[in-house]
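So the protein lines, in turn, are chains P and E. Quick note on my numbering: the first sequence kicks off at 6 and runs consecutively. Quick note on my numbering: the second sequence kicks off at 193 and runs consecutively. Built from N, CA and C at the ideal position, the CB exists for glycine as well. Just so we're clear, the structure is a prediction, and the values are computed from it rather than from any experiment. Working notes for the structure below.
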Amino acid sequence: MPRQILEENCIGCGTCSTACPVDAIYKKDTVYQINANECVDCQACQSICPEACTVGGPGEFKELVTK
Amino acid sequence: MRVLPQDLMWKARGGRGYIDHLKQAGMEFVVGQIVNLIGTSSKRNLINLTKLFEKIAGSEGSVRHAKRMRWLFETDHPHLAWWQRIINDLHPNCRNKFLLNFFVHGYYGDNQRKRARFFENNGFYPPTVLLTSVTQKCNFTCAGCWAHNYEQKEDMSYETLKKLFDEARDELGIHIMPVVGGEPFIRKDFLDLAEEYPDCIFLAFTNGSLLTDERIERLKKLGNVAPMFSLGGWEESTDKVRGKGTFKMVMEKMDRLKEAGIFFGVSLTMTKENTEETISDEYMKMLSDKGSLWTWGFHYVPVGENPDPSVMPTAEQREDIKKALYNARNTLPMMTVDFWGDGPEMMGCIAGGRQYIHVNAKGDVEPCTFVHLATHNVKDSTLTEALASPFMTAVRKGAPYDGNMLRPCMIVDRPWVLRGYYKKFKPYETHRGAADYLTKPEIMSQIDEYAEKVEKITNESWENDYYMTLFPLPGEYYHDRNVLCSSKTPHGGIHGGCETAGCCSCGKDLSAVKKLNDEIKEEETVGV
């Protein structure tokens, strides 16, 4: 279940992209995005993100958005 | 956070450090001499030793360790008895080699200098432990072992092993070299090899059957080889897995080694069936009484061709193992390590060169003994190159994943991670069926189910701060199994918290602990 980055929370610092072991996080305009095909769901980005804006798969994602 | 992150752990002490790296070489010699000269292992002597060590320590992590040790000694923790046992009971040769090679060279002296240099050159820290399979041959055929999955003919030559160890010691600063297999003593030249590296400690994981009297004599002379016997419970359970008569034979060998004063330990393989008996108080007590100074707790991991995940200890048993091994090292003069439950001590998974690396008998560099995948072979590349490969870098970088170090394992706790690495980096299998647990749906589904249960249990423990490092840190208080808190569930989990909460009915006098903590706090504020 690949991770996703909440675009509206992302501050574009790139911390997650340096932490990613499989280089699946890339910059898109001002924010970062996770390549779903490359992500191994290790959650390294989640624990390091200063804004806590990376979240799990679809279910978890929805929950956070509606909060 | 109770554990120091790696970069802080190995950071050289600036300004406050008494010596720089160059001078440290001389100090290392001095420490060695002091260890040699310890005539008596009284509590006071050992406390003074930690104070000296604190002064000469070369990194923040070492200072922290020294403080922790001093605190343990001053509060009469059973760990004090462990050191006294090493100093009093072991043959002087074995004692000195162990203390010097394991602690001084392995963690605090030579190692730190070379690590710093390695970091400058390569941009990442090398491991502290190199695990090598010197052979895949074994005279036993234990159920669940993968040794016989490997091709038996391809053991590394003596020269290749020498090249590997030379690089590990001289470039990476590794002095702790566990040797697995196979049965290491099947290689006739294994002890010759150990003789060529007198400043390294070899922990030989063995079934014990080949430890003849002559070999024991030689071990005594060498001093830098510590046998670790494989066991799996009392006689019935051990013999069922390892063959009839194994348990008795190992007990006999343990007596011989104890008599000779050789440092030895036990490696326990825990399965769903034998967990209860291997972690029972009686069993731990028996191992300690028999003379084992170090007990390694390995869970069964479903590796090899067509493995059976249902043999793994269950998620609930895993919690029990964590507690039992913690209790054992805090109540007996014996060191115990649970590679899964003690994740917090090592900041999660230690594989891929984060703390250790495995080289199999063919020379393939594998991230973990339980991951039989590789991208490099030491026959045609260096260990440094292998460590710098994208696969190993990913294994190192990913840990500790979401931060919960109680489920550190990328094989069984977070199986999707290793599957992802396998897909992305395409490492080769080092024996037939090595990737079965990553590709066969029926095995994968069982591991997934296990991972889900582990996640549920350990997340709760992690969030409630219900975990521990190897020993309680200064400021925490521990409970031994005889004098548990009256409620049997002390504040904050197994230990710690009582003191700050100001309520503990276990009856122990906490004033000494409090005084010491205040002292340490004061020193820290002055130092900063």
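Could you tell me the alpha carbon to alpha carbon distance between F294/E and S234/E, rounded to whole angstroms?
21 Å
Is the beta carbon of T622/E sitting closer than 8 Å to the one on H564/E?
Yes, Cβ-Cβ distance for T622/E and H564/E is below 8 Å.
Residues in the same chain with beta-carbon distance under 7 Å from N466/E, minus the five sequence neighbours each way, listed in chain order, please.
G424, G425, S429
Along the chain, which unbroken stretches of the alpha helix (DSSP H) at least 4 residues long are found entirely within the stretch 480-534 of chain E?
507-523
Using only CA atoms, which one of W532/E, D640/E, I603/E lies nearest to M597/E?
W532/E
Under 8 Å between C-beta atoms, does Q9/P make it to chain E?
no
Can you tell which of K589/E, S325/E, C337/E has the C-alpha that lies nearest to the C-alpha of S349/E?
S325/E
Could you tell me which of K33/P, C25/P, K32/P, A29/P sits nearest to I53/P, measuring between CA atoms?
C25/P
At which residues does the alpha helix (DSSP H) containing A396/E begin and terminate?
Looking at the DSSP string, A396/E is not in any alpha helix (DSSP H); the run it does join, the beta strand (DSSP E), is 393-398.
With 16 as the cutoff for other CB atoms within 10 Å, does P633/E come out buried or exposed?
Counting Cβ neighbours within 10 Å, P633/E comes out exposed, since fewer than 16 surround it.
Assuming contact is defined by CB atoms lying nearer than 8 Å, are C58/P and C18/P in contact in what I supplied?
no
I649/E to T461/E, Cα distance in whole Å?
22 Å
Residues that W608/E contacts on chain P, provided the C-beta gap is smaller than 9 Å
M6, V45, D46, C47
Tell me the DSSP secondary structure of N285/E in three-state form.
helix
Strictly by DSSP, which residues pair up with M369/E?
F394/E
Compare the Cα-Cα distances from D572/E to each of R448/E, D556/E, N331/E, K618/E and report the closest residue.
D556/E
Do F617/E and A578/E have their C-beta atoms closer together than 8 Å?
no
Could you check whether the stretch 263-274 of chain E touches the stretch 521-528 of chain E, counting it as contact only if at least three pairs of C-beta atoms, one from each stretch, sit closer than 8 Å?
yes
Answer yes or no: do P284/E and G545/E have a C-beta to C-beta separation smaller than 8 Å?
No, these two residues do not count as a Cβ contact at 8 Å.
Where Y613/E meets chain P, residues with beta-carbon distance less than 8 Å
P26, V27, V45
Range of the contiguous alpha helix (DSSP H) that encloses L575/E:
575-579
Report the partner residues of S472/E according to the DSSP bridge assignment.
Beta-bridge pairing links S472/E to no other residue.
From F265/E to P419/E, what does the alpha carbon distance come to, in whole angstroms?
27 Å
Leaving out five residues on either side along the sequence, give the residues of the same chain with a beta carbon under 6 Å from the beta carbon of C44/P.
P7, R8, A29
Could you tell me whether the stretch 359-366 of chain E touches the stretch 294-313 of chain E, where touching means 3 or more Cβ pairs closer than 8 Å?
yes
Smallest Cα separation from Q127/P: which of L353/E, P536/E, G590/E?
The structure shown does not extend to residue 127/P, since chain P is modelled only from 6 through 72, so no value can be given for it.
Could you tell me whether the Cβ of Q38/P comes closer than 8 Å to any Cβ of chain E?
no
Let's test the definition: count the other Cβ atoms within 10 Å of the Cβ of R606/E and tell me whether it reaches 16, buried, or not, exposed.
buried
Buried or exposed: Y669/E, going by 16 or more other Cβ atoms within 10 Å of its Cβ?
Interpretation of Y669/E is limited by its pLDDT of 43, a score under 50 that renders its predicted location unreliable; the figure taken from the coordinates is listed afterwards. Its Cβ being crowded by 16 or more others within 10 Å, Y669/E is buried.
So which residues of chain E does S22/P contact, with C-beta pairs closer than 9 Å?
Among the residues of chain E, none has a CB under 9 Å from the CB of S22/P; the nearest is roughly 12 Å distant.
Y620/E to Y614/E, Cα distance in whole Å?
9 Å
Assigned secondary structure, V326/E (DSSP; H/G/I helix, E/B strand, else coil):
coil
Environment of G315/E [buried if 16+ CB atoms lie within 10 Å]
Exposed, by the Cβ-count rule.
For K589/E, would you say it is in contact with chain P, using Cβ-to-Cβ distances shorter than 8 Å as the test?
yes
Assuming T438/E is part of the alpha helix (DSSP H), what are its boundary residues?
Per DSSP, T438/E belongs to the alpha helix (DSSP H) from 438-452.
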